[in-house]
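Numbering (the working numbering), first residue to last: 1329 to 1459.
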C-alpha cells in the first residue's frame, strides 16, 4: 500500500529528525527489523528529502517479510511522508510506481500576498470571497 501523509511539525524538524524518531519506534516495535537504506534523497530539483528503507518480520503471517520505503521532504511550511508498505515481493513489484509517483511532486511557487483572501473573507461555493 502507498500512503501520502501531510505532517504538521515545526520548521526546525527536518526530514532526518523525523525519520530518526520513526526509526526508533520501528526498532522497538518490530521483530527482525533491519535498516536497508537511510540517506538524503532528491525528490525534485528544488526538493531534497530523506529516504528510509527497512524490512521486518510480519507479525500476522509466519515467515513473511515486510518491506517499507519511506521518503520525507519539506516544501515551505509543509512536511510530507510518502511510503510503500508491502510484503517484500509485492513491494519490489510496486517500487517503480512508487518512485514514479514520488517524482511527480514539485514545489509550487509561494502565493503572492495580493492574491490571498483577507482574514475575514470567507470563500463561497463558487470559489471567491463573497461571489
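Just so you know, even glycine gets a beta-carbon here, dropped at the ideal spot from N, CA and C.
Test item: CB-CB of residue i and residue j under 8 angstroms
i            : j            : result
residue 1409 : residue 1330 : no
residue 1397 : residue 1426 : yes
residue 1407 : residue 1346 : yes
residue 1399 : residue 1413 : no
residue 1337 : residue 1351 : no
residue 1344 : residue 1360 : no
With 16 other Cβ atoms within 10 Å as the buried cut-off, status of residue i
i            : result
residue 1333 : exposed
residue 1298 : For residue 1298 there is no data in the structure shown, the boundaries of the chain being 1329 and 1459.
residue 1436 : exposed
residue 1370 : exposed
residue 1391 : exposed
residue 1431 : exposed
residue 1459 : Annotation note: pLDDT 47 at residue 1459 (below 50); position unreliable, coordinate value reported separately. Residue 1459 should be labelled exposed.
residue 1404 : exposed
Inter-residue CB distance, residue i and residue j (contact presumed, cutoff 8 angstroms)
i            : j            : result
residue 1395 : residue 1416 : 5 angstroms
residue 1375 : residue 1401 : 5 angstroms
residue 1434 : residue 1383 : Wrong, their Cβ atoms sit about 30 angstroms apart, outside the cutoff.
Give the list of continuous beta strand (DSSP E) stretches no shorter than 3 residues that lie fully inside the stretch 1363 to 1413. 1375 to 1385, 1393 to 1403
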